[in-house]
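Trainee: I have a structure I would like to understand better, so I am pasting it below and will then ask my questions one at a time.
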């Protein structure tokens, strides 16, 4: 079976990229993940409803401390789903995203993830905004409703210029998103998260304290292991420096794989500590399948928790 491959933003015109993404989401995702006002994950509303006893796995941000004090046991406050959802996508378009050795580049996958978020949450009255983070700073696209605005935002993302060197301050970008996303809603941060976690983990934790937050980590297989191809010239996208790497050395390849595994573990631990949902997309895998699996598993956990509470 041929995997669903994101359209290449370099070799394909922006209109064709958006058309193919629209078809992929509409035909492959929307039919599987339909559900009124649920979007990618079951979100929260702002209108207060009834309280219930706290069960393991509940969001501690929803604890009603007044009821908890009266009942001498933790209780959470349910909310009624909003009829209008505000969704924000922070997309990293730094030089490290312009890399790919499989079906596509990491930037193509990031654009696809943002498009899926936008198309799946584009219901009547819902609004979509974006923060595009590059080495030169952040570009903010205000949240507005309507398909025209959504397509315009995605077009701006697809046509972002590529910069050969420099690094994205992901922590500053997350802080910027916290400022512009004033209304509680769904927030997605799409990046490879290669910057040191101490730079972005605390801002991400603050963001997740207010919004339903998803971290989409984009990975290429060559970031996890090196092939045996002799002497390989590699370029550091942050500094532009070039280095010759003797990939024929088995010991070097083993050290590289071990370091890459440890790096990804540190990233995963930081994301878990920030209290966000973690979705991994790889350039050598079917991204639509990974999105569907993530959403169905997330919803199953939420529904199982609610069913367990109802049976008590």
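In this note's numbering, the protein residues as written are 591 to 902. Just so you know, even glycine gets a beta-carbon here, dropped at the ideal spot from N, CA and C.
(1) Evaluate contact between the stretch 693 to 705 and the stretch 869 to 889, counting only Cβ atoms and requiring at least three cross-stretch pairs below 8 Å.
(2) Please state if the CB of residue 800 and the CB of residue 774 are separated by a distance shorter than 7 Å.
(3) Going by DSSP in three states, residue 707 sits in which element: helix, strand or coil?
(4) Tell me residue 680's beta-bridge partners as DSSP assigns them.
(5) Once DSSP output is grouped into helix, strand and coil, what is the label at residue 727?
(6) Return the chain-ordered list of same chain residues with a C-beta closer than 6 Å to the C-beta of residue 641, the five sequence neighbours on each side being excluded.
(7) Roughly how many whole angstroms lie between the Cα atoms of residue 813 and residue 850?
(8) Using only the alpha-carbon positions, how far apart do residue 733 and residue 885 sit?
(9) Who pairs with residue 734 in a beta bridge, going by DSSP?
(10) For my contact list, residue 838 and residue 818 are in at a C-beta cut-off of 8 Å; report their separation, rounded to the angstrom.
(11) Would you kindly report the start and end of the unbroken beta strand (DSSP E) that includes residue 645?
(12) Hey, quick one: how far does the alpha helix (DSSP H) through residue 871 stretch, first residue to last?
(13) Here's a check: name, in chain order, each residue in its chain whose Cβ is nearer than 7 Å to the Cβ of residue 628, leaving out the five neighbours to either side.
(14) Over what stretch of residues does the beta strand (DSSP E) that includes residue 832 continue unbroken?
(15) Keeping to the same chain, check which residues put their C-beta closer than 7 Å to that of residue 737; ignore five residues upstream and five downstream.
(16) Do you know how far the Cα of residue 597 is from the Cα of residue 610?
(17) For residue 823, which residues does DSSP report across the bridge?
(18) Taking only heavy atoms of the ligand ZN into account, decide whether any of them is closer than 6 Å to the Cβ of residue 880.
(19) According to DSSP, is residue 807 part of a helix, a strand, or is it coil?
(20) With a Cβ-Cβ cutoff of 7 Å, do residue 758 and residue 688 count as a contact?
(21) So, for residue 807: in the same chain, excluding its five sequence neighbours on each side, which residues have a beta-carbon less than 6 Å away from its beta-carbon?
(22) Going by Cα to Cα distance, which pick from 605, 613, 867, 652 is closest to residue 776?
(23) Who are residue 667's beta bridge partners in DSSP?
(24) Mind checking who residue 753 pairs with in its DSSP beta bridge?
(25) Within the same chain, show all residues whose beta-carbon is closer than 6 Å to that of residue 731, passing over the 5 residues directly before and after it, in chain order.
(26) DSSP beta-bridge partners for residue 653?
(27) Taking residue 811 as the reference, give the member of 753, 680, 847 with the closest Cα.
(28) Buried or exposed for residue 709, going by 16 or more other Cβ atoms inside 10 Å?
(29) Just to confirm before moving on: does the CB-CB distance between residue 827 and residue 685 stay below 7 Å?
(30) Classify residue 726: buried if its beta carbon has 16 or more other beta carbons within 10 angstroms, exposed otherwise.
(31) Can you name, in chain order, every residue of its own chain whose Cβ lies under 7 Å from the Cβ of residue 595, other than the five neighbours on each side?
Mentor: Looking at the atomic coordinates:
(1) yes
(2) yes
(3) helix
(4) 721, 779
(5) strand
(6) 654, 657, 665, 667
(7) 7 Å
(8) 23 Å
(9) 718
(10) 6 Å
(11) Unbroken run through residue 645: none, as it is neither H nor E.
(12) Here residue 871 belongs to no alpha helix (DSSP H); instead the beta strand (DSSP E) covers 867 to 872.
(13) For residue 628, the predicted model reports a pLDDT of 43, less than 50, meaning its position is unreliable; a value from the coordinates is still stated below. Nothing listed; no residue qualifies.
(14) 832 to 836
(15) 712
(16) 7 Å
(17) 834
(18) The model on display carries no ligand, and the ligand ZN is accordingly not part of it.
(19) strand
(20) no
(21) 783, 870
(22) 867
(23) 641
(24) Residue 753 is not bridged to any residue.
(25) 719, 720, 743
(26) 666
(27) 847
(28) buried
(29) yes
(30) exposed
(31) 693, 694
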